[in-house]
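In my numbering, each residue's number is its place in the sequence shown (first place is 1) plus 14. The C-beta atom is built at its ideal place from N, Cα and C for all residues, glycine as well.
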Amino acid sequence: MPCVGDWLNSPLSIVQGIFAQNVPNSDWEKKVTEYFKEKLKENNATNWVPSLNDVPVHYLKPNSLVKFRCMVQDMFDPEFYMGVYETVDPNTNARVLHFGKYRDVAECGPQQEIDLNSSQTVTSERQTFYCVPVPGESAWVKEISFWTEPAYVSASQARVSPSTSYTPSRHKRSYEEDEDMDLHPSKQKEQHVGKSCCSGGDIHGCVEPKRLETEASAGHHVISPNCSPPLDLNFPLPGEKGPACLVKVYENWESFKVNDVLEVFGVLSVDPVLSIVNSEERDSSTLDPMECMDTAEEQRVHSPPASLVPRIHVILAQKLQHINPLLPACLNEEESKTCEFVSNFMSELSPVRAELLGFLTHALLGDSLAAEYLILHLISTVYARRDVLPLGKFTVNLSGCPRNSAFAEHLYRLIQQLVPASFHLRMSIESMNHSRFIPHKDYTANRLVSGLLQLASNTSLLIDETQLEQGQLDTAGVHNVTALGNLITWQKVDYDFNYHRMEFPCNINVLVTSEGRSLLPSDCQVHLQPQIIPPNMEEYMSSLLTAVLPSVLNKFRIYLSLLRLLDYSISDEVTKAVEEDFVEMRKNNPESVTADDLHKMLLVARFLSLSAGQTTLSRERWLRAKQLEALRKARLQQQQSVNGNEL
């Protein structure tokens, strides 16, 4: 019976055993998936699997089992590979079947050759996703994922930290040296004399170890140019770190799409032989131009050096509802009712909400009304779409923000400590005119070039207008502002495919900070009324964080993530009462109470109920929602009378 080390360190040997026992039965692939699925269920074994989010690639053993939490940034064309192939020994004529699944190169033993004309050869298809770490992922998500046991795991299930004790056979190089070596494969060839396989185009006279690329894509050759600019890893946000990966999916890839957040478990492939073979194919003078339809740029993007962009051959993959490591990865409504962790947390929700309200009140300079609306904003989510209208979005414009104190910057840092993923967009004429907001298709490289608005679902986006000066927007700037407006209003981004635009729906929580009313649309404007003006804003905001216990901070994080996942409904009885109440409001003040006001009050009532852990609307919450809206409107009217600004 295989031990833990076998399926973690040598998953391909497990696959080989299952393959050998079940060939020619085609069920072997299903049995492989079932085997690893069962293994990962045992004693919280997913924590034993090293993660590319935590452990540098050069510390991980090649061909070992790894996991990766990522967003699908792009989808490449499907590729063909040899799923099953046959080798023959020229001396004894002995034949052996091998599997090509979960591999980049086909392997054969000493004195063996691959029979490309064998009737046993099975050509299969797989889909390649270009995946990047979740854009804007908070540092605390990475830290908790690696260092601590999640709260929902019982104490008896002790975490086994990913091992970083693996020592590569070569001396460890720096990231820059890796990049240099992989972008210049001729240097690698000097270090791998006698180790490389299949030099030139001869696939039958290979020295040990004998290998052949399993890629059989129709006329496509994997080529990596020698001298080219540094590889652009195509991260959507500036300053992002972590590996990008080519994730090769073998089953059910149609269920995944661009911008989905996945957790994949698969075989890590960082074989340097790929760069060597690709370089030699490129240098070969016998290459038929008619057989190679890819441009050099496309080959460079689609087959980058494995040490910079490792490959993961997926055995298991799941779409994540959220990336909060303090919660179970998948938690639907039915599970939330029976989960002991969720039940226990919901029982103590009231004090957590009270503490969070106090924390945000201090962060908003003593404004408790703004803090109430900020809580509602942070738990809002698009729960459905009616035609083109996204239901559940709740973009808040926090006006009246101090301009010269970097208030928005410090507020963002606090929010960053509460939500799993976020981005701070500083709105200025220069950033609007020169930043790339909208992803666009590069047909030369045949890839989707990312933009700032290619974000994962439930990302918090804080747009800071307080630094906006007068100036002229150019064409790009106008397009960027339009894109922000469409994101806020319709929760969609129109990706640019040159000849047409394609809508990509999204679910982004947008908070806009401004002095006056925002230039951008919003669902709700809350004018900030500071009760305190700290002499040193940075010191004040920093002290707020240091005063909160880590355990309390984690409760805030669980609270905000969990409430987004809860279902919500309104009973017929309450619906009738709300309708009657609205009719009365219209009678008393027909001009100032509109259908939009009713929609806004229902939204506030929804998130107010959820913030208290209630999944149905009560009369009490409806009255509280009306009260909050009345206070908010009165404040805006007061501000208008003070300075004459338009609401």
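Which residues bound the alpha helix (DSSP H) around residue i?
i	result
S625	A609 to S625
Q652	R633 to N657
Y116	Careful: Y116 lies outside any alpha helix (DSSP H) and carries neither H nor E.
D586	D586 to N602
N358	E354 to S361
T47	W42 to K55
H336	Per DSSP, H336 belongs to no alpha helix (DSSP H) and is neither H nor E.
G491	T489 to W504
H448	I443 to H448
E553	M551 to A561
Alpha carbon to alpha carbon, how far is residue i from residue j?
i	j	result
L501	S449	16 Å
R531	P416	13 Å
R109	S133	12 Å
S436	K590	39 Å
E634	S394	20 Å
P453	L260	19 Å
A34	K407	53 Å
H424	M551	8 Å
Q431	L563	13 Å
C122	V63	28 Å
P404	P244	40 Å
K45	S361	42 Å
V507	W636	33 Å
N494	E444	12 Å
S606	V588	23 Å
A648	E268	51 Å
D103	S78	29 Å
T135	D285	24 Å
K262	K156	24 Å
V592	R600	12 Å
Please return the same chain residues whose Cβ sits closer than 6 Å to the Cβ of residue i, not counting the five positions on each side in sequence.
i	result
A258	V146, L247 and V323
P250	P149, S464 and Q468
R187	With a pLDDT of 42 at R187, under the threshold of 50, the modelled position of that residue is not reliable, and the figure given next carries that caveat. If we look at R187 and ignore the five residues flanking it on each side, it has no Cβ neighbours.
L645	L383
T60	L54
P555	Here residue 555 turns out to be Met, not Pro, going by the sequence shown. Same-chain partners within the cutoff: H424.
S471	N521
G491	M446 and N447
L439	I477
D129	E100 and V102
For residue i, which residues from the same chain have a beta carbon less than 8 Å from its beta carbon, with the 5 sequence-adjacent residues on both sides left out?
i	result
T47	E265, I329 and L330
L334	R83, V275, L276, E277, A343 and C344
L558	F373, H376, A377 and L428
L533	E479, L482 and V495
Starting from residue i, follow the beta strand (DSSP E) in both directions and report where the run begins and ends.
i	result
T524	It should be noted that the sequence gives Val, not Thr, for residue 524. Here the beta strand (DSSP E) through V524 covers N523 to T527.
H112	R109 to F113
I329	R325 to K333
A120	V119 to C122
D246	Looking at the DSSP string, D246 is not in any beta strand (DSSP E), and its letter there is neither H nor E.
I546	Here I546 belongs to no beta strand (DSSP E), and DSSP marks it neither H nor E.
D129	Per DSSP, D129 belongs to no beta strand (DSSP E) and is neither H nor E.
I514	Before going on, a small fix: residue 514 reads as His here, not Ile. Neither: H514 is in no beta strand (DSSP E) and is coded neither H nor E.
A310	Where A310 is concerned, there is no enclosing beta strand (DSSP E), although the alpha helix (DSSP H) it sits in stretches over A310 to H316.
L403	L403 to L405
R83	L79 to M89
E386	No beta strand (DSSP E) holds E386; the alpha helix (DSSP H) holding it covers S382 to L392.
G280	V275 to S283
S138	V136 to V146
Please go through the same chain and pick out, in chain order, the residues whose beta-carbon is closer than 7 Å to the beta-carbon of residue i, but skip the five residues on each side of it.
i	result
V566	E369
S585	T630
V618	L390, A639, L642 and E643
E52	none
M615	A639, K640 and E643
P535	G499, I502 and T503
Hey, residue i and residue j are a contact pair by Cβ (cut 8 Å); roughly how many whole angstroms apart?
i	j	result
F90	Y144	7 Å
M96	G114	4 Å
E479	M441	5 Å
L576	F421	That pair is no contact at about 29 Å.
F451	L466	5 Å
Y116	V29	6 Å
S357	L542	Actually they are not in contact, since the Cβ atoms of S357 and L542 sit about 37 Å apart, beyond 8 Å.
F94	T142	12 Å between Cβ atoms; not a contact.
F355	K81	Contact doesn't hold; Cβ gap of about 22 Å is too wide.
N273	F518	7 Å
Cβ contact check for the region 522-540 and the region 465-485: 3 or more pairs under 8 Å: Yes: at least three Cβ pairs fall under 8 Å.
At least 3 beta-carbon pairs within less than 8 Å: the region 565-580 vs the region 352-371: With a cut-off of 8 Å, the region 352-371 and the region 565-580 count as touching, because enough Cβ pairs lie within range.
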